[in-house]
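Trainee:
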Amino acid sequence: MRVLIVDDHPVVRDGLVAVLGAQPDLEVVGEAGDGEAALAQVAALTPDVALLDLQMPGLSGVDVTAAICARHPVQVLVLTAYETQADITAAVRAGAVGYLLKDAAREQLCDAVRAAARGESVLSPTVAAKLLDHIRHNDREGLSSREIEVLDAVARGQGNKEIARALHVSEATVKTHLLHIYAKLGVADRTAAVTTALQRGLIRLG
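Mapping the sequence shown onto the numbering used here, position 62 (from 1) lands on 54, and the numbers just tick up by one.
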């Protein structure tokens, strides 16, 4: 899995290169220190995942995320120290497949990169809690009918592309639905979402 690291702090980039480069299935193919360089590197290298900080010189991480998702088949995984509700919501709406905080453990980071490369959504527990609070505040009715459709498809083993095709929406829209589902259910991945939904009777298998 090919990874591009985008962060304006060289010492952070060096650390990420060391952590990810130690994994036999992960390859760091490039680095960028600002938004413009990130877009140029994505276009030149077409990585599987862009591991992206939100606060950088020039273009913001949110703007870079939106541009990458609009132009390239590259998954954006946010890795940042910023955990405000505004930052999280903006990144998700821009198309980020996941949002991790920089205090994540090495194993969690590597697993998140792998999940992102597969098109799966991933959230740090703190981020999931904040997104949950936001969604509860704005939508107290629980899962929407479309979110139930997406979750039901996930339970049947369908991937994001299959779900997008069946529902006639973009893959980015499916990812956004999944992030909302995770937040509403208080979970961090697809398996936990399905398990929790089955336990609560939100979906049925068979």
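A virtual CB, placed ideally from N, CA and C, is assigned to each residue, including glycine.
Have a look at 105, 81, 47 and flag the residue whose alpha-carbon is nearest the alpha-carbon of residue 73.
Mentor: When only C-alpha atoms are compared, the closest one is 47.
Trainee: Buried or exposed, going by whether 16 or more other CB atoms sit within 10 Å of the CB of residue 3?
Mentor: It is exposed - the Cβ of residue 3 has fewer than 16 other Cβ atoms within 10 Å.
Trainee: Just the Cα atoms here: how many angstroms apart are residue 134 and residue 20?
Mentor: Residue 134 and residue 20: Cα-Cα distance of roughly 39 Å.
Trainee: Between the beta-carbon of residue 113 and the beta-carbon of residue 43, is there less than 7 Å?
Mentor: No, the Cβ-Cβ distance between residue 113 and residue 43 is not below 7 Å.
Trainee: Since residue 165 and residue 156 are thought to touch, with beta carbons under 8 Å apart, how far apart are those beta carbons, to the nearest angstrom?
Mentor: Their Cβ separation, rounded to whole angstroms, is 7 Å, which keeps residue 165 and residue 156 in contact under 8 Å.
Trainee: Quick one: what's got a C-beta closer than 8 Å to residue 37's C-beta in the same chain, skipping five residues either side?
Mentor: Here the set comprises -6, -4, 21, 22.
Trainee: Using the Cα positions of residue 132 and residue 163, report the straight-line distance between them to the nearest angstrom.
Mentor: Since pLDDT at residue 132 reaches only 39, below the 50 mark, its modelled position is unreliable, and the value read off the structure follows with that caveat. For residue 132 and residue 163, the distance between alpha carbons rounds to 26 Å.
Trainee: Is the beta carbon of residue -2 closer than 7 Å to that of residue 39?
Mentor: Not a contact, by the Cβ cut-off of 7 Å.
Trainee: From which residue to which residue does the beta strand (DSSP E) around residue 71 run?
Mentor: Start and end: 67 to 72.
Trainee: Count the other CB atoms within 10 Å of the CB of residue 57; is the residue buried (16 or more) or exposed (fewer)?
Mentor: Residue 57 comes out buried.
Trainee: If you run the structure through DSSP and keep just helix, strand and coil, what is residue 23?
Mentor: Reduced to three states, the DSSP call for residue 23 is strand.
Trainee: Using only CA atoms, which one of 148, 106, 55 lies nearest to residue 15?
Mentor: Of 148, 106, 55, the residue nearest in Cα terms is 106.
Trainee: Taking the alpha helix (DSSP H) that residue 145 belongs to, which residues open and close that run?
Mentor: Element bounds for residue 145: 137 to 147.
Trainee: If you draw a straight line from the C-alpha of residue 211 to the C-alpha of residue 172, how long is it?
Mentor: Outside the modelled stretch of the chain, which goes from -7 to 198, sits residue 211, for which no answer is possible.
Trainee: Quick test of your reading: residue 0 and residue 55, contact by CB under 8 Å. State the CB separation rounded to the nearest angstrom.
Mentor: 14 Å between Cβ atoms; not a contact.
Trainee: Take residue 196 and list the residues in its own chain whose beta-carbon comes closer than 8 Å to its own, dropping the five residues that flank it on each side.
Mentor: Here the set comprises 190.
Trainee: Between residue 177 and residue 188, is the Cβ-Cβ spacing less than 7 Å?
Mentor: In this structure, residue 188 lies closer than 7 Å to residue 177 by Cβ.
Trainee: Residues in the same chain with beta-carbon distance under 8 Å from residue 102, minus the five sequence neighbours each way, listed in chain order, please.
Mentor: Hits under 8 Å: 11, 12, 15, 18.
Trainee: Taking C-alpha atoms, which residue in 143, 31, 50 lies nearest to residue 192?
Mentor: Out of 143, 31, 50, 143 has the C-alpha closest to the C-alpha of residue 192.
Trainee: Just curious, the beta strand (DSSP E) that residue 155 is in, first and last residue?
Mentor: Element bounds for residue 155: not the beta strand (DSSP E) but the alpha helix (DSSP H), 152 to 159.
Trainee: Taking 7 Å as the cut-off, decide whether the C-beta atoms of residue 201 and residue 68 are in contact.
Mentor: Absent from the structure is residue 201, since the part of the chain shown begins at -7 and ends at 198.
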